[in-house]
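In the working numbering, the protein residues as written are 34 to 301.
Where a beta carbon is used, it is the ideal one built from N, C-alpha and C, also for glycine.
The model shown is predicted, which means the values in this text are computed figures rather than measured ones.
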C-alpha cells in the first residue's frame, strides 16, 4: 500500500476520493435535520435523499465513456471536485449567498453533488491504476487488487471523517455555515489536482526501438547494456534504465552472433 502512496499521482487520486467520500458522509448525517423545516412526508424525504445517488448512478457510465474516449482522468477529477463545491455552495445555500433556503435550491445542489461524486469516483480508480502502471508496477491482477484496496480504504476513511466532522459543525454553527468545510476541502483538493496537471508529466515506462541498428548505438553519449536471454523467444535489453523486451523469433543465427559480439564489446 505504501508503494502506491509514494507515487504522487496516486496520492492525489486518494485525496480526491477521500474528500468526495467525506462530502457524501456529510450529507448523510446532516441533510435530514436541515430538511425538517419543510415538514416533508416520508416519501418526499426519501426521494430527496436519492437525488444525488440517482444522478451518480445515471451519469457514472457517461463519465466512464468520456474517460475511455477523450477525457483525462485527472481533468475529470478536477471537474468533479469543482462540481461538488458548486453543489455544497447551493445546497445550504452558503451563508454569503443572498438566497433563501428552499427545497428547490437544495435539489439543485444535490444534482450538482451527484454529478461531482460520479466524476471523481469513476476517474479516481482509473487514474490511480494507470499512474501506478506508468511508474513501474506490473500490469496484472495483483496491481489491480492493490489499487482497489487503496480506493476502498480512502473511501472508507472519508466516510468516517465526513459524518464525524459534520455532526460537530452542525451543532456548533448550523448547516449553512458547516457546508463551507466541504467547500474548502474540495477547493484545496481540486487546486492540487490542477497544479499537478500543469506541473507534472506522466512518465514513459518503455522506450520503443525501431531497428536493430539502434541497439548497437549509444545516444547522447550514454551506453547500452544488453544481453541475449533466450534465442528462441525474446531479447531483454536495458536501455537508459528501462526494460524493453523484443521478440526475436524471426532473427537468424548470424544476426544473433553479431548481437552477441556487439554486447560483449560494449560490456568490455
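Can residue 52 and residue 198 be called in contact, C-beta distance under 8 Å? If you number the chain shown from 1, residue 52 lands on position 19. If you number the chain shown from 1, residue 198 lands on position 165. Contact flag unset, no.
Our contact map puts residue 156 next to residue 113 with C-beta atoms below 8 Å; I'd like the distance itself, whole angstroms only. For the purposes of this step, residue 156 is identified with residue 123 of the chain shown, where counting begins at 1. For the purposes of this step, residue 113 is identified with residue 80 of the chain shown, where counting begins at 1. Indeed they touch by this definition, with Cβ atoms about 7 Å apart.
Identify, in the order they occur along the chain, each residue of the same chain with its Cβ nearer than 7 Å to the Cβ of residue 61, setting aside the five sequence neighbours on each side. What you label residue 61 is simply residue 28 of the chain shown in a count that begins at 1. Excluding residues within five positions, the ones whose Cβ falls inside 7 Å are 196.
Three-state class that DSSP yields for residue 134 in the structure shown: By 1-based counting over the chain shown, the position of residue 134 is 101. Of the three classes helix, strand and coil, the one that applies to residue 134 here is coil, per DSSP.
Which residue wins for smallest C-alpha separation from residue 192, given the options 93, 150 and 104? The residue labelled residue 192 in the question sits at position 159 within the chain shown. Answer by Cα proximity: 150.
Distance between residue 136 and residue 75 (C-alpha atoms, nearest Å): Here residue 75 is taken as the residue at index 42 of the chain shown, counted from 1. Here residue 136 is taken as the residue at index 103 of the chain shown, counted from 1. Looking at the two C-alpha atoms, the distance is approximately 15 Å.
Measuring CB to CB, does residue 106 end up less than 8 Å from residue 98? As a first step, residue 106 is located in the chain shown; it is residue number 73 there, counting from the start. As a first step, residue 98 is located in the chain shown; it is residue number 65 there, counting from the start. Contact flag unset, no.
Is the CB-CB distance between residue 89 and residue 147 below 8 Å? Residue mapping note: residue 89 aligns to position 56 of the chain shown, counting from 1. Residue mapping note: residue 147 aligns to position 114 of the chain shown, counting from 1. It is a contact, given that the beta carbons lie within the stated cut-off.
Taking only the alpha-carbon atoms, compute the straight-line gap between residue 160 and residue 43 and give it to the nearest angstrom. Sequence index remark: in the chain shown, residue 160 carries index 127 (1-based). Sequence index remark: in the chain shown, residue 43 carries index 10 (1-based). Those two C-alpha atoms are separated by around 7 Å.
Residue 101: first and last residue of the uninterrupted alpha helix (DSSP H) it sits in: On the chain shown, position 68 is the one that residue 101 refers to. Looking at the DSSP string, the run of the alpha helix (DSSP H) that includes residue 101 is 84-102.
Can you look up residue 129 in the DSSP assignment and give me helix, strand or coil? Taking the first residue of the chain shown as position 1, residue 129 is located at position 96. The answer is coil: DSSP assigns residue 129 none of H, G, I, E or B.
How far does the alpha helix (DSSP H) with residue 112 in it reach, from first residue to last? Stepping through the chain shown from its first residue, residue 112 is reached at position 79. Its alpha helix (DSSP H) spans residues 106-124.
In the structure shown, what three-state DSSP assignment does residue 157 receive? Here residue 157 is taken as the residue at index 124 of the chain shown, counted from 1. Reduced to three states, the DSSP call for residue 157 is helix.
Could you have a look at residue 39 and say whether DSSP puts it in helix, strand or coil? Here residue 39 corresponds to residue number 6 of the chain shown, with the count starting at 1. Residue 39: coil per DSSP, three-state reduction.
Looking only at C-alpha atoms, which of 144, 129 and 167 sits nearest to residue 91? For the purposes of this step, residue 91 is taken as the residue at position 58 of the chain shown. Of the candidates 144, 129 and 167, the one whose C-alpha sits nearest the C-alpha of residue 91 is 144.
Runs of alpha helix (DSSP H) wholly within the stretch 172-212 (minimum 4 residues, chain order): 174-206
Can you round the beta-carbon distance between residue 121 and residue 215 to whole angstroms, since I take them to be within the 8 Å contact cut? Counted from its first residue, the chain shown places residue 121 at position 88. Counted from its first residue, the chain shown places residue 215 at position 182. Indeed they touch by this definition, with Cβ atoms about 5 Å apart.
Is residue 209 near residue 127, with beta carbons less than 8 Å apart? Within the chain shown, numbered from 1, the residue matching residue 209 stands at position 176. Within the chain shown, numbered from 1, the residue matching residue 127 stands at position 94. In this structure, residue 127 lies closer than 8 Å to residue 209 by Cβ.
Leaving aside the five residues before and after residue 220 along the sequence, list all residues of the same chain whose C-beta is less than 7 Å from its C-beta, in chain order. Position 187 of the chain shown, counted from the start, is the residue given in the question as residue 220. If we look at residue 220 and ignore the five residues flanking it on each side, its Cβ neighbours are 118.
Straight-line Cα distance separating residue 132 from residue 224: In the chain shown, the residue the question calls residue 224 occupies position 191. In the chain shown, the residue the question calls residue 132 occupies position 99. Their Cα atoms are separated by approximately 27 Å.
Chain-order list of residues whose beta-carbon lies under 6 Å from that of residue 85 (same chain, five-residue window excluded): On the chain shown, residue 85 is found 52 positions in, with the first residue counted as 1. Correct list, in chain order: 143, 146 and 147.
How is residue 170 classed by DSSP in three states: helix, strand or coil? As a working mapping, residue 170 is identified with position 137 in the chain shown. Coil at residue 170, not helix or strand.
Does the Cβ-Cβ distance between residue 211 and residue 36 come in under 8 Å? Locating residue 211 in the chain shown gives position 178, where the first residue counts as 1. Locating residue 36 in the chain shown gives position 3, where the first residue counts as 1. No, these two residues do not count as a Cβ contact at 8 Å.
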